[in-house]
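Student:
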Amino acid sequence: MNYEAKTFNLPENITGLSQKQIDVHLALYKGYVTHVNLLLEQLDKLESENDLSYAKMEVRRRLGFEFNGMRLHEYYFEQLEDGTKEMPEKLKSFLQEHFGGSEKFFEKIKEVALTRGIGWTILHKDPKTGRYLISWVSDHELGMLSGTEIIFALDMWEHAFMVDYTPAEKGDYVNAYLKAVNWEVVANRL
Ligand SMILES: [Fe+2]
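Here the sequence shown stands for residues 0 to 189, where the numbers follow numbering that gives the first Met the number 0.
(1) With distances taken Cα to Cα, identify the nearest neighbour of Asn187 among Thr14, Ala26, Tyr74 and Leu42.
(2) Kindly list the residues whose CB is nearer than 7 Å to the CB of His24, restricted to its own chain and excluding five residues on each side of it in sequence; keep chain order.
(3) What's the C-alpha gap between Glu80 and Phe7?
(4) Which full runs of the alpha helix (DSSP H) of 4+ residues lie inside the stretch 87-148, going along the chain?
(5) Quick one: what does DSSP say Lys5 is sitting in, helix, strand or coil?
(6) Inspect the CB distances between the stretch 38-52 and the stretch 126-143 and report whether three or more fall short of 8 Å.
(7) Kindly indicate which three-state DSSP category Phe151 falls into: helix, strand or coil?
(8) Please classify Asp154: is it buried, with 16 or more other beta-carbons within 10 angstroms of its beta-carbon, or exposed?
(9) Could you tell me how far apart the beta carbons of Val173 and Ile150 are, in whole angstroms, since I believe they sit closer than 8 Å?
(10) Expressed to the nearest angstrom, what Euclidean distance is found between the alpha-carbon atoms of Ala179 and Ser101?
(11) For ligand 1, which residues have a Cβ under 5 Å from at least one heavy atom, in chain order?
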């Protein structure tokens with residue numbers, strides 16, 4: 000079974016994120032889906048070889064990068080679907096309880112997002128303890144917290160903003176993205 004690229008019902012004219020930026024990024028997401036399928040196909044062929052070839056090991060090693068690259072973009076674009084909505088009360092109370100309010104949560108997200116390098120800023124739920132954690136994940140997989148559920152994912156690769164912003168302006172990209180989020184989608188993941 001092949002993975003298929005999802006389509007997203009994204010609003011037009013998002014303030015601070017141009018259509019060109021979104022289009023470039025969606026095309027890149029589709030590339031991850033293609034490469035997950037390609038990698039799994041190549042790995043299938045290599046698995047039939049009965050040896051410890053480096054080719055097989057290296058293709059296997061690559062799966063976390065391609066798979067998470069695909070999946071994290073789905074969280075990222077789903078969060079923008081159906082336009083900006085007011086933050087639901089449920090999410091407001093959640094943020095108040097766990098982060099001292101939405102403004103403090105946004106500040107923490109921005110601080111983590113400005114970690115040097117490429118990667119993701121993620122809000123996780125640890126279902127074993129009910130704890131919520133904000134993390135930095137380098138690339139798509141390095142530092143990913145095992146067994147957690149992803150509540151919110153912010154792409155901090157340069158391709159996510161460089162049509163519209165320079166690297167020095169990436170804080171402005173974060174502000175624009177946070178304003179464009181459909182918080183209803185995030186609330187439904189709690
Ligand atoms: Fe991306």
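Using N, Cα and C, we set each Cβ at its ideal position, and we do this for glycine too.
Values in this document were obtained by computation on a predicted structure and should not be read as measured data.
Tutor: According to the data block:
(1) Tyr74
(2) His158 and Ala159
(3) 6 Å
(4) 88-98 and 101-112
(5) coil
(6) no
(7) strand
(8) buried
(9) That pair is no contact at about 17 Å.
(10) 15 Å
(11) Asp154, Trp156 and Ala159
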